[in-house]
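**Q** Dropping a structure here in structure tokens format, bear with me for questions.
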Ligand code: AMP
Ligand code: ZN
């Protein structure tokens, strides 16, 4: 399937990976809009978060857990977890994903 996030999951195009579980991978957004901007992506293809929630609730829980773990690692604890759903809401990649964004990155130790 010609899906950019499926290609990243399969390792066919590079990404700056920051986390992985049985169900999900996480990598830095290529065009960060906040000082912390990480994408959490289920390994199996669903077109958006609505389809993922209906089809694979275990993967949705895993996405939220990995996202909140990385938010704790990369931010001072204030962050957003957001899901653009539908083109009119700004979704541009039609493979479900959560955005972790934060204006307060954790200082490098
Ligand atoms: P959305 O607009 O909610 O569908 O989010 C898609 C996000 O994927 C955007 O923030 C893009 O900057 C990001 N993106 C697109 N291609 C890549 C890529 N190859 N590697 C990392 N992030 C990407
Ligand atoms: Zn896909």
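Residue numbers (the numbering used here): 942 to 1050.
Backbone N, C-alpha and C fix where the C-beta goes; we use that ideal spot for every residue, glycine too.
1) Starting from residue 946, trace the alpha helix (DSSP H) both ways and give me its first and last residue.
2) Can you find a heavy atom of ligand 1 that lies under 7 Å from the Cβ of residue 1033?
3) For the alpha helix (DSSP H) containing residue 990, name the first residue and the last one.
4) Is residue 956 helix, strand or coil when you go by DSSP?
5) Would you kindly work out how many angstroms separate the C-alpha atoms of residue 1037 and residue 972, rounded to a whole number?
6) Taking only runs that begin and end inside the segment 998-1036, name each unbroken beta strand (DSSP E) of 3 or more residues, in chain order.
**A** Straight from the coordinates:
1) Residue 946 sits at position 5 when you count from the first residue of the chain shown. It spans 945-950 - the alpha helix (DSSP H) in which residue 946 sits, taken as one unbroken run.
2) Position 92 of the chain shown, counted from the start, is the residue given in the question as residue 1033. Yes, the Cβ of residue 1033 comes within 7 Å of a heavy atom of ligand 1.
3) Within the chain shown, residue 990 is the residue found at index 49, counting from 1. Run containing residue 990: 990-996, per the alpha helix (DSSP H) assignment.
4) In the chain shown, the residue the question calls residue 956 occupies position 15. Residue 956 falls in the coil class under three-state DSSP.
5) Reading the chain shown from its first residue, position 96 is the one you call residue 1037. Reading the chain shown from its first residue, position 31 is the one you call residue 972. Their backbone Cα atoms lie some 18 Å apart in a straight line.
6) 1021-1023
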